[in-house]
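Structure, as structure tokens:
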Amino acid sequence: MQIRKNLKLRKKMRKLAFTLVEMLIVIVVIGILAGAILPKIMGIQARARDTKRQADLRNLSMAITTYKMDNGEYPQRTKLIEYHKGASHYAGSVGGLKDTLSDYIKEIPRDPQKNNSVERFYRYYGPDSLYKPYFPGGEYFYARVFNGPQELGLLVAKVETPNMANFVNDVGKGGLTFDCAVREFDYCDDEYILCSEIKKAETIKVATEDDTVCHYSDENQLFYIVKI
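Residues 4 to 231 (this note's numbering) make up the sequence shown, in order.
Right, dumping it as structure tokens:
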């Protein structure tokens, strides 16, 4: 009788042990699948956020363009940062345009990642005003570049994927800036300031008149620009 009980107990233990092995196998398989699939899911989510950023800037561009047609100038805001005193260039977050554009856009869009921000912004003058952090998280960037009768508007978003970017900038060292702000206005043509292609490399390379293929070494260097 006791022998039968022992046999039954051993059978139960074998079944239990086999179940534990199965569970371990399932856990390992899930881990492998998660490791393979999760990066793809995260990449899809990043591209979706970048798509929204591009759409947001296009909507803002349409609102600003319509405002400029009605008023003869780009929208103003009181807290723009003067970043090139000699040529009178100003920049700031688009949130400051809320009241000015209230008749042209229902709501000022914000970055889908609320903590996404321009950590540093380069200013061209002042002994103690270089390379400081400026814009709050979740805000897009707005700049007015003008000198005499010529004027240019820029909208900028920080993006996560290189195929959705058209501009690179080494914010970590120099702060966010634009070549067209310190050169002749002809240099601001799309074929010069904007990248025709962006590739990963060991060092950053911005677009030039002779070569519009850009290189980036870190995702924080990727931006998307709409010129107005």
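Built from N, CA and C at the ideal position, the CB exists for glycine as well.
Being a predicted model, the structure only gives us computed values, none of them experimental.
- Considering only 230, 207, 206 and 205, the residue with the shortest C-alpha distance to residue 197 is 230.
- Of all alpha-carbon atoms in 53, 69, 146 and 75, the one lying nearest the alpha-carbon of residue 96 is that of 146.
- A direct Cα-Cα distance of roughly 14 Å separates residue 48 from residue 165.
- Assignment of residue 27 by DSSP, reduced to helix, strand and coil, places it in the helix class.
- Going by C-alpha positions, residue 217 is about 30 Å away from residue 111.
- Residue pairing by DSSP puts residue 217 in a beta bridge opposite 201.
- About 5 Å separates the Cβ atoms of residue 159 and residue 228, confirming a contact at the 8 Å cut-off.
- Secondary structure note for residue 229: its beta strand (DSSP E) is the uninterrupted segment 225-230.
- In the displayed model, residue 56 falls within a helix according to three-state DSSP.
- By the neighbour-count definition (other C-beta atoms within 10 Å, threshold 16), residue 162 is a buried residue.
- In this structure, residue 67 keeps its C-beta atom at 8 Å or more from the C-beta atom of residue 141.
- One alpha carbon belongs to residue 106, the other to residue 60, and they sit about 17 Å apart.
- Residue state for residue 143 is assigned as coil, using DSSP reduced to three classes.
- Beyond the five residues adjoining it in sequence on each side, residue 57 comes within less than 7 Å, by CB distance, of 167 and 227 in the same chain, given in chain order.
- Take the alpha-carbon of residue 98 and the one of residue 62: they are about 14 Å apart.
- With 16 or more other Cβ atoms inside 10 Å of its own Cβ, residue 169 counts as buried.
- For the 8 Å CB-CB criterion, residue 78 and residue 100 form a contact.
- Shown here for residue 220: same chain residues with a beta carbon closer than 7 Å to its own, the five before and five after excluded, namely 204, 205, 206 and 207 in chain order.
- Distances from the CA of residue 154 to each of 29, 75 and 52 were compared; the closest alpha carbon is that of 75.
- Residue 101 sits in coil when the DSSP states are folded into three classes, being neither helix nor strand.
- With a cutoff of 8 Å on beta-carbon distance, residue 199 and residue 211 are scored as not near each other.
- Under a 10 Å Cβ-count criterion, residue 94 is classified as buried, with 16 or more other Cβ atoms of the shown protein chains found around its own Cβ.
- Less than 8 Å separates the beta-carbon of residue 104 from that of residue 70.
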